Structures are given as structure tokens and as C-alpha cells.
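Student: What follows is a structure written as C-alpha cells; I'll ask about it next.
Numbering (mature numbering (1 follows the signal peptide of the UniProt record, and there is no 0)), first residue to last: -27 to -1, 1 to 156.
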């Protein structure tokens, strides 16, 4: 008789737990769906296409709430190239849109993948921190031309994940516009 009750109890418990498991799977699906895709175009920066893609891959491998995908039509983030005495810069709202300019002269002096990844960090909402160490991507050119690190550090990764946790970056984020030589 006790085996019968134990079996009935086990079945009841299994039926009770099924919605919990389904709820967990649903939450995981919702979490996956929360990833925001930012489309970028390299059409106006053909010289730097491979380093832009490498910089985007570094971000994609480092954060979970936003994905950078190359697509020339309908892109909200555009890369351009040329000569500018100000050097490379980002003109962006920090919400995944705007223009990133990569300067030829600066890209010969500094690691071009670091430049592309750094400027992309602005499009994801991060500010400059030129006094930071080479291990900090947003230190830009501050550590000097020998710095080749093109990966965001743990603090930068966490900040981008936090900013993009609910889709587009928080609306109180100030406009990021950079025109300084340090990238």
C-alpha cells in the first residue's frame, strides 16, 4: 500500500514540476531573445574591413546582450576611412548607431584592430579612459603604439552587458562623440 502512495506521490510531484521546468526553459528563451543585434557596414572602409570584423568578433566573443553583424544595407553603424588630422573617432549616440572613422595615418602607428574595437566600444556606450592601462580597451592610444590589446577587459564587458541588458542602451547615456588623437 505504501508503494502505491509513493508512486502516486512521485507522479503528482513530476506533474507539479513540469510547469517549473517549462518556465525555466521559457525564461532561458526570453533571455536569449533579449540579445540586440546591431548591424554595421564596412562599405565605406574597405581597407579596414578585416580589422573591423576582427574588432566586432572580439566584442561578440566578450558580451552576451548585443551582437554586431556586418550588413551593408540597413546598417545603423557605418565605418568610414580616410585622412583626418584629428585621427580616428566615433560619432555615435552610444546606442549602436552612428559613424566610426578610421584614420590611415593613425592605423599605421597603432594596432588597427585595437582602433576598430575601441571605436566600436563607443557605439556600445563606453567612454574613453586614456589614463587606463593597455589591458583596458577604452584607454585607446593612451598606453602608446606598442599596445596591441584589442579585447575589452572584464569591467568593460560587464558595463556593455549592463547597458544592453534590456535591449537598447539606457536612454540616459550621454551622446558619445570623440575627436581626440588618442583614438
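Note that beta-carbon positions come from the ideal geometry of N, C-alpha and C, so glycine has one too. No experiment lies behind these values; they were computed from the predicted model shown.
#1: Would you give the residue range spanned by the beta strand (DSSP E) that residue 43 belongs to?
#2: Out of 130, 42 and 138, which has the shortest C-alpha to C-alpha gap to residue 12?
#3: Suppose you measure from the CA of residue 16 to the CA of residue 129; what does that come to, to the nearest Å?
#4: Assuming residue 132 contacts residue 99 under a Cβ cut-off of 8 Å, what Cβ separation, rounded to an integer in Å, is found between them?
#5: Residue 69 and residue 49 - do their beta-carbons sit closer together than 7 Å?
#6: Under 7 Å, do residue 134 and residue 37 count as touching if we go by C-beta distance?
#7: What three-state label does DSSP hand residue 124 in the structure shown?
#8: What are the start and end residues of the alpha helix (DSSP H) that includes residue 77?
#9: Nearest-angstrom Cα distance between residue 14 and residue 104?
#10: Between residue 88 and the rest of its own chain, which residues show a CB-CB distance below 7 Å, the 5 nearest in sequence each way excluded?
Tutor: The structure says:
#1: Position 70 of the chain shown holds residue 43. It spans 39 to 43 - the beta strand (DSSP E) in which residue 43 sits, taken as one unbroken run.
#2: By one-based count along the chain shown, residue 12 stands at place 39. Answer by Cα proximity: 42.
#3: Counting from 1 along the chain shown, the entry for residue 16 is found at position 43. Counting from 1 along the chain shown, the entry for residue 129 is found at position 156. So the alpha carbons of these two residues sit roughly 28 Å apart.
#4: On the chain shown, position 159 is the one that residue 132 refers to. On the chain shown, position 126 is the one that residue 99 refers to. Right, their Cβ atoms sit about 6 Å apart.
#5: Here residue 49 refers to the residue found at position 76 of the chain shown. Here residue 69 refers to the residue found at position 96 of the chain shown. Yes.
#6: To locate residue 134, count along the chain shown from 1; it is residue 161. To locate residue 37, count along the chain shown from 1; it is residue 64. Against a cut-off of 7 Å, the Cβ pair of residue 37 and residue 134 comes out as a contact.
#7: Indexing the chain shown from 1 puts residue 124 at position 151. In this structure, residue 124 counts as coil in the three-state DSSP scheme.
#8: One-based indexing of the chain shown puts residue 77 at position 104. Counting along the chain, the alpha helix (DSSP H) containing residue 77 begins and ends at 77 to 82.
#9: Locating residue 14 in the chain shown gives position 41, where the first residue counts as 1. Locating residue 104 in the chain shown gives position 131, where the first residue counts as 1. Computed Cα separation, rounded: 30 Å.
#10: Reading the chain shown from its first residue, position 115 is the one you call residue 88. Correct list, in chain order: 61, 75, 79, 80 and 156.
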